[in-house]
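In the working numbering, the protein residues as written are 5 to 176.
The following block contains the structure:
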């Protein structure tokens, strides 16, 4: 591993999923001294589920996942389609579980975290911005809202996740 003086500075603006995911892999970027910059006026993080399809390079995230399904369904008023994959299961992970894991790994690799107000750059440092882009007025965005429901007696098939249910109102 290089000495600190030989390492290149890499500052990443943002301290969310993207920035923390890089920080968690800092041991693979030994030529860089990584600093994560918490942006001024960033919204507070909200804990929610992220869903993703399994792949070999996502094994760490898969190991932290709350649920895993090899079958998924898409439903409308007239039909229900169930698909499956043995090689690419669908996972659900809590945002907080992933970011906590990444933060811990980043700390183990001595990734620095600073507030934007305390950032001091020099011209030799690389600067990356991991914040999402500003959304232009009138742009359409796709959002998924889910509700976790618990019932007294089982009514859902635990082997199949419902990814899309078009029987509900879509206007909002």
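Using N, Cα and C, we set each Cβ at its ideal position, and we do this for glycine too. For clarity, every value in this text was computed on a predicted model and none was experimentally measured.
Bounding residues of the alpha helix (DSSP H) (the contiguous stretch that carries residue i)
i, result
"residue 101", "99–112"
Bridge partners - residue i, DSSP secondary structure assignment
i, result
"residue 56", "95"
"residue 34", "DSSP, once it has assigned bridges, lists no residue as partnering residue 34."
"residue 13", "37"
"residue 132", "16"
"residue 4", "Residue coverage of the chain in this structure runs from 5 to 176, which leaves residue 4 outside it and unanswerable."
"residue 168", "78"
"residue 116", "39"
DSSP state of residue i mapped onto helix, strand, coil
i, result
"residue 8", "The pLDDT assigned to residue 8 is 48, lower than 50, so where the model puts this residue is not dependable; a value taken from the coordinates is nonetheless given after this. In the structure shown, residue 8 sits in a helix (DSSP, three-state: H, G or I)."
"residue 41", "strand"
"residue 121", "helix"
"residue 153", "coil"
"residue 127", "coil"
Endpoints, the beta strand (DSSP E) within which residue i is located
i, result
"residue 65", "Not the beta strand (DSSP E): residue 65 falls in the alpha helix (DSSP H), residues 63–68."
"residue 24", "Premise fails: residue 24 lies in the alpha helix (DSSP H), 21–28, not in any beta strand (DSSP E)."
"residue 139", "Unbroken run through residue 139: none, as it is neither H nor E."
Any C-beta of chain C under 7 Å from that of residue i
i, result
"residue 165", "In the structure shown, chain C does not exist; there is a single protein chain."
With a cut-off of 8 Å, do at least 3 Cβ pairs link the region 91–105 to the region 59–68?
-> yes
So does the region 102–111 actually touch the region 19–27, counting three or more Cβ pairs closer than 8 Å?
-> yes
At least three beta-carbon pairs within less than 8 Å, the region 30–46 to the region 147–157 = no
Do the region 166–175 and the region 72–80 make contact, defined as three or more Cβ pairs closer than 8 Å?
-> yes
Per the contact definition of three or more C-beta pairs closer than 8 Å, is the region 116–134 in contact with the region 83–95?
-> no
Would you check if there are 3 or more beta carbon pairs closer than 8 Å linking the region 37–46 to the region 118–125?
-> yes
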